[in-house]
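Residue numbers (numbering that gives the first Met the number 0), protein chains in the order written: chain A, 0 to 382; chain B, 0 to 382; chain C, 0 to 382; chain D, 0 to 382.
Number of protein chains: 4
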Amino acid sequence: MNRKIRMGMVGGGIGAFIGEVHRIASRIDGQIELVCGAFSSSAEKSKRSGEELYLPSNRIYANFEEMILKEKELPEGERMDFVSIVTPNHVHYAPAKMALENGFHVVCDKPLAYSLEEAKDLERLVKETGLIFALTHNYTGYPMVKQAREMVKSGAFGKIRKVVAEYPQGWLSTFLESTHQKQAAWRTDPKRSGASGCFGDIGSHAENLAEYITGLQITELCADLSILVEGRLLDDDGSVLVRFDNGAKGIIYASQISAGEENELKIRVYGEKGGLEWLQSEPNTLTVKWLDAPKQIYKTGNGYVFSQAAAHARIPAGHPEGYLEAFANIYRNVAKCIQARLKGETPDAIYQDFPTVQDGVRGMLFIEKVVESSNSEQKWVKM
Amino acid sequence: MNRKIRMGMVGGGIGAFIGEVHRIASRIDGQIELVCGAFSSSAEKSKRSGEELYLPSNRIYANFEEMILKEKELPEGERMDFVSIVTPNHVHYAPAKMALENGFHVVCDKPLAYSLEEAKDLERLVKETGLIFALTHNYTGYPMVKQAREMVKSGAFGKIRKVVAEYPQGWLSTFLESTHQKQAAWRTDPKRSGASGCFGDIGSHAENLAEYITGLQITELCADLSILVEGRLLDDDGSVLVRFDNGAKGIIYASQISAGEENELKIRVYGEKGGLEWLQSEPNTLTVKWLDAPKQIYKTGNGYVFSQAAAHARIPAGHPEGYLEAFANIYRNVAKCIQARLKGETPDAIYQDFPTVQDGVRGMLFIEKVVESSNSEQKWVKM
Amino acid sequence: MNRKIRMGMVGGGIGAFIGEVHRIASRIDGQIELVCGAFSSSAEKSKRSGEELYLPSNRIYANFEEMILKEKELPEGERMDFVSIVTPNHVHYAPAKMALENGFHVVCDKPLAYSLEEAKDLERLVKETGLIFALTHNYTGYPMVKQAREMVKSGAFGKIRKVVAEYPQGWLSTFLESTHQKQAAWRTDPKRSGASGCFGDIGSHAENLAEYITGLQITELCADLSILVEGRLLDDDGSVLVRFDNGAKGIIYASQISAGEENELKIRVYGEKGGLEWLQSEPNTLTVKWLDAPKQIYKTGNGYVFSQAAAHARIPAGHPEGYLEAFANIYRNVAKCIQARLKGETPDAIYQDFPTVQDGVRGMLFIEKVVESSNSEQKWVKM
Amino acid sequence: MNRKIRMGMVGGGIGAFIGEVHRIASRIDGQIELVCGAFSSSAEKSKRSGEELYLPSNRIYANFEEMILKEKELPEGERMDFVSIVTPNHVHYAPAKMALENGFHVVCDKPLAYSLEEAKDLERLVKETGLIFALTHNYTGYPMVKQAREMVKSGAFGKIRKVVAEYPQGWLSTFLESTHQKQAAWRTDPKRSGASGCFGDIGSHAENLAEYITGLQITELCADLSILVEGRLLDDDGSVLVRFDNGAKGIIYASQISAGEENELKIRVYGEKGGLEWLQSEPNTLTVKWLDAPKQIYKTGNGYVFSQAAAHARIPAGHPEGYLEAFANIYRNVAKCIQARLKGETPDAIYQDFPTVQDGVRGMLFIEKVVESSNSEQKWVKM
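Here it is as structure tokens:
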């Protein structure tokens, strides 16, 4: 029997940025309903948040431990199916671990954990439990990113030679954490964010996007991380030379002090016969370049895109979809995979396309190696 | 007491384009739940559609008459609060009228009706019943359209002198209706679409956008409608010279045979001191122009936008929102206004910003006058 | 024997805009040398201008009559070959007529003359004398405009259905002529500019571009000219509905009060199978659109362009050429045609591609009909 | 007494790319005349080239030695004033040295020489002779590059923190040199090009642009050069992490195998309060970014630009100037400086703005250090 998939949320109380993004993303396709939550480390704030979300009071919990234990006791037709974890990095591991150990699937915000060690432990647990674990590297959810991946995979560009992935932002150009701005405070705090600030937050998105689209893996890197705002405790800018497993070269750079930039995640990939360019701020466009022919402007929703791209757009060409829809693609796919399990079926290949715990481990490895390289006098660090 | 607002839907069965858009739009902000529907003129198709939407079978109706009558008998805590009408133009009037007569608020797709006469009757009914009636001229839901309107209203550009609104599409470049493609079939059929094809479908969007942003009204027009694809029964292209009530001049044009265009709704407004430009396919950007200073690129979600624009975006700058979010702004606002009524409160001014039955009457008047002008040898037709 | 072609100039004294443009254009390809001039109606200013241009004093004339008569007496190896006329509109006819009557080829700025009557007389004279007469509708000199024309001619887009040509500027948004700004003063003066201000100056460029690219002719039009700045004597804005000889429809609009616009001449052409778009402010790009395939971005200087486009670019792809080079293409072609005559040869077809006196007559006809239509209550005026 | 400045050219025979660019650049402003040349290492080809340029046969020389010696014997009113050197890199040093030693000013194509040693010798000679020496790092000739430099200098952006300069091309994506294509052949040949291919040709442009705009100097770098096309003898791609003397960080990258790119030289500079972006393929636009205000689009030719930018544009806003005009700015400035010398005056500061032999030495140092770093296991190389 078909039914909506039930979500419990950890974090994302009133005023949260990413928590509300996850909730919207979970609603868009009508496959998921929010049934419970532990929205804050403050029980009172959790309660108020749950009420604003129209949850019944008995499904609003004081903390994630209570939520997982109480929900586990509810009957199958009622209890949550999966946990969505939208807390700062240092509070990913504990709820994810407990959810898995108690039989709940997990959707977790990125980066996967506070440390590589935690990440690897989660990978082990997912393997042992066989549960579904999705990481919201949401940028890979865009239809034109799927199109880019399929075009590379098709061999249209020949062997890939060069990859440039960049993610400049400007919002930390001032010493914003000194004003107790919530988003800035935890992201620049080594105790909550992890070993890296800028690369933990957004550099790992660039890395994930590059490997997702090209199907290549970084094997060596040379990094220069910087703290460019005085008083800051973690890197707010960094540039990394990378080498890929097929011999391709590349650059990955991320910045939070590129004043005036919003969220300009961009990737350029060049092969022997052509290349492509995609920019997150105009996400429905994929520019395709050729050696001896005019550039082409691929747009979401057209008949000429690969089926995997088409399956991740909802509306016809010319009706721009955005960040929330890309994010929703992860939730939709997870919901469809859980539905398939409930019915004992194998999910359609379309729906199996979302970032996993392995991507998360790879991201944590990248972050750790970038930090190691940046502190080293040696040119290349193996990854 | 706070609760989600309950929606019943007329039309929008499996495979529909705009019905699914309305549903997604109603979900995004978590303020509305779909509780019932009459999704098709075929009872069997309505049933299948409702099941796919996880509705209980007793809330899936064979037709809108049954839905309205049966829902009316349900207790307040259970029955639908409003009806969403997403059928072709010739089936707007009857369900809207019946819903209003039975005390239900209405959200209706545009254009308001099949004829100006029907439109005026609905206007009368809304006035008599005092119910909420929203028309989904969704493009006015974009944050940067709100910003544009507020900038004009602020006097930043001085008196407005020139307005160019255009809506080129290319999807009807071939005789698509001969293939029984569903969207093309009814839109090119005078019996279902009304007096105009292209201007009924998209020309009226351009007109609505122009009047919404400038706060001006068209007083005279001179139109040239064309059928450029052989065999077609309604206009597929048209250009209109317009004059506004403050003396400004303008052009409104729409086309369905502009091969290679997707949905390039664009507006340019020029005043004495500056002007603006907005393009639907890059909706988070508003280009602002000045006489003696560099152009400025306003982007959604920044601190510098007017509060009315800010209130219609969900996520920070750099995270593109799209067509569905703009559409959702109408549903969110309607839900908030119904909630206020339930509580006996006056809704916040922010939420009272959605297209109404009056906008719908004006749109129908525009369509009729464009057709009249196009058939006339006289240069100017008063509106 | 090969030699540079010798130019005499009428108008274009110190501080002139278009005179200097013509001079630069004549220099770029090294085929032309300026040998004499009557640069101003003030003999003294003419002298100073000529000296600044390093001309010997005996070749700097007090007025065009003197120049034409004196130059005629010089031996062939020394006297000017052609006259370049860069004066305001009301001083085109007299020097052009006298030059032709005395055996000199002519390059004349646009519009061709002050009135249609004058224009037709020049057309007659060119026919009688067999001399070369080029009109600097310079925008047709851009390589990507040539490419556009060739693509239409090739049938790639099928039958043309729709043409939108626009030329918005903002520089006359204020009552600039009241400050005695030189460019504004004569362009807004009926005695010097002619029957139309905006359409004489730039509307005729849009018309010329539309007919050049499509190879079609306008047969009927319906115009609304406006004076939007109080006190002005000639139109500063206008919109025209047009119909072409193959049944295509279109819009031509021009404006000098579109505050914040520089020189945004733009054309869009749509046929049955695709279309194109070209914008003067990014002149090395031609956007090509298709019904069922991605848009293509053609760029100047690539191997894939038509030979006629290739022959009008000087440097490889990626090195932007601009307004001056497009202008220079007219001068280069005229010089090559004169060289061919000197050698008794037929010039290469490449070089015969420049606007002629016939284009000028057509432009004057367009201007007059636009003014007539704008003053009429009748909808359509035949052209 | 005012007169045109006389140029002799070394290299640039029929079919040359950069030689013709230099000639056009020298013509545009009417300040320079080509009076002689040694256009090829083949005397016969030199002769044909000179004839095509309408030079008298006695001023067409068989080689640069002959040209310099013969011209030196001509009287001042007749002989060339400066030598323009447009040969491949390995033939810069000898003619430049001989020209300087014989009292001629020099304009030389970049990079300055084949090796750093040669470059330093030329620097010494310029110092000793006091002659004018200009290097055609032409991209700094664009008006918007001047504007960028002035804005940084004004302190508008605060302290500069980050610089990203890139120059991707795709024309060497195949093993083009194997086809004996002339441009490819010498640029990929270590004997003619020098220690680096891609960085000698275009990486040094990116470096020059970064230092010119920011006024900063690179102090340390870490490079990874690659040969990505099999069989090639010099680097065709490279990425360099750089550190500037004020603590700013940066990336400089150049590529000739970025398939589908033409000449996408681009620079982004970020300071504490804002930043800027300039792209060579749309050179009349400078995007200016601010922390808390909308981006601004500066355009060439407007009243709001700095005077140094205004002085390097010829025509009003909206008339795009391009590569040739930027190049011409160097020639115009050199001509004006020579004219001032002839008159015993100090040239206007505007005209003293062109790349010099010192910039050339710095460029050669950069190339050598990039090659050294790329071959090193050590992370940072001092510059």
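Idealized CB from N, CA, C, for every residue including glycine.
Contact check, residue i vs residue j, beta carbons under 9 angstroms
{"i": "N332/A", "j": "Y303/A", "result": "no"}
{"i": "G193/C", "j": "I366/C", "result": "yes"}
{"i": "V356/D", "j": "L134/D", "result": "yes"}
{"i": "I251/B", "j": "L220/B", "result": "yes"}
{"i": "P167/B", "j": "L233/B", "result": "no"}
{"i": "G237/B", "j": "S56/B", "result": "no"}
{"i": "A95/A", "j": "V85/A", "result": "no"}
{"i": "M382/A", "j": "T218/A", "result": "yes"}
{"i": "D352/C", "j": "N207/C", "result": "no"}
{"i": "S153/C", "j": "F16/C", "result": "no"}
{"i": "Y53/D", "j": "N1/C", "result": "yes"}
{"i": "K126/B", "j": "Q307/B", "result": "no"}
Cross-chain neighbours of residue i in chain D, by beta carbon under 8 angstroms
{"i": "Y297/B", "result": "P293"}
CA-to-CA distance, residue j to residue i, given in whole angstroms
{"i": "F156/B", "j": "Y269/B", "result": "7 angstroms"}
{"i": "A222/D", "j": "G273/D", "result": "28 angstroms"}
{"i": "F326/C", "j": "L33/C", "result": "16 angstroms"}
{"i": "Q216/D", "j": "R47/A", "result": "56 angstroms"}
{"i": "G140/C", "j": "G300/C", "result": "14 angstroms"}
{"i": "E324/B", "j": "Y322/D", "result": "43 angstroms"}
{"i": "I226/C", "j": "G259/C", "result": "18 angstroms"}
{"i": "E271/A", "j": "H21/B", "result": "45 angstroms"}
{"i": "C197/D", "j": "P87/D", "result": "14 angstroms"}
Contact set between residue i and chain B, taken where Cβ atoms lie within less than 7 angstroms
{"i": "L290/C", "result": "G169, S172, A258, G259"}
Interface residues of chain A facing residue i [CB-CB closer than 7 angstroms]
{"i": "V20/B", "result": "I314"}
{"i": "Y269/D", "result": "I256, S257, A258"}
Best match in the options for proximity to residue i [C-alpha to C-alpha]
{"i": "G202/A", "options": "K381/A, A253/A, R2/A", "result": "A253/A"}
{"i": "E51/A", "options": "C35/A, E65/A, E344/A, M66/A", "result": "C35/A"}
{"i": "M97/A", "options": "P167/A, L220/A, F63/A", "result": "F63/A"}
{"i": "R5/D", "options": "E65/D, E127/D, E276/D, D80/D", "result": "D80/D"}
{"i": "L264/D", "options": "S280/D, M363/D, A258/D", "result": "S280/D"}
{"i": "G411/C", "options": "L99/C, Y141/C, Y113/C", "result": "An answer regarding residue 411/C cannot be provided, because it is not within the stretch 0 to 382 covered by chain C."}
{"i": "K298/C", "options": "T284/C, F305/C, T173/C", "result": "T284/C"}
{"i": "I296/C", "options": "E127/D, K119/D, G29/D, E261/D", "result": "E261/D"}
{"i": "E19/D", "options": "I67/D, K294/D, G49/D", "result": "G49/D"}
Interface residues of chain D facing residue i [CB-CB closer than 7 angstroms]
{"i": "Y350/B", "result": "Under the 7 angstroms cutoff, chain D gives no residues; its nearest Cβ is about 27 angstroms from Y350/B."}
{"i": "R160/A", "result": "L227, I256"}
Partner residues on chain C for residue i, Cβ-Cβ distance less than 8 angstroms
{"i": "Y303/A", "result": "D291, A292, P293"}
Under 8 angstroms from the C-beta of residue i: neighbouring residues of chain A
{"i": "C221/D", "result": "C221, D223, L240, K378"}
Contacts that residue i makes with chain D (C-beta to C-beta distance below 9 angstroms)
{"i": "G36/A", "result": "None at all; the shortest Cβ gap to chain D is about 34 angstroms."}
{"i": "Y330/C", "result": "The contacting residues do not exist; Y330/C stays about 12 angstroms from chain D at best."}
request  = Mind the definition here: the region 97–116 of chain B touches the region 39–47 of chain B only if three or more C-beta pairs lie below 8 angstroms; say whether that holds.
outcome  = Below 8 angstroms, too few C-beta pairs join the region 97–116 of chain B and the region 39–47 of chain B to call them touching: fewer than three.
task = Give a yes or no on contact between the region 1–18 of chain D and the region 307–317 of chain D, applying the rule of three or more CB pairs nearer than 8 angstroms.
result = At 8 angstroms Cβ cutoff, the stretches do not touch.
key: Touch test, the region 203–211 of chain C against the region 136–149 of chain C, Cβ-Cβ under 8 angstroms, three pairs minimum   = Taking one beta carbon from each stretch, the region 203–211 of chain C and the region 136–149 of chain C have 3 or more pairs nearer than 8 angstroms; the two touch.
inquiry  = So, does the region 275–294 of chain C touch the region 280–300 of chain B, judging by three or more C-beta pairs under 8 angstroms?
reply    = Of all C-beta pairs linking the region 275–294 of chain C to the region 280–300 of chain B, fewer than three are shorter than 8 angstroms, placing the two stretches out of contact.
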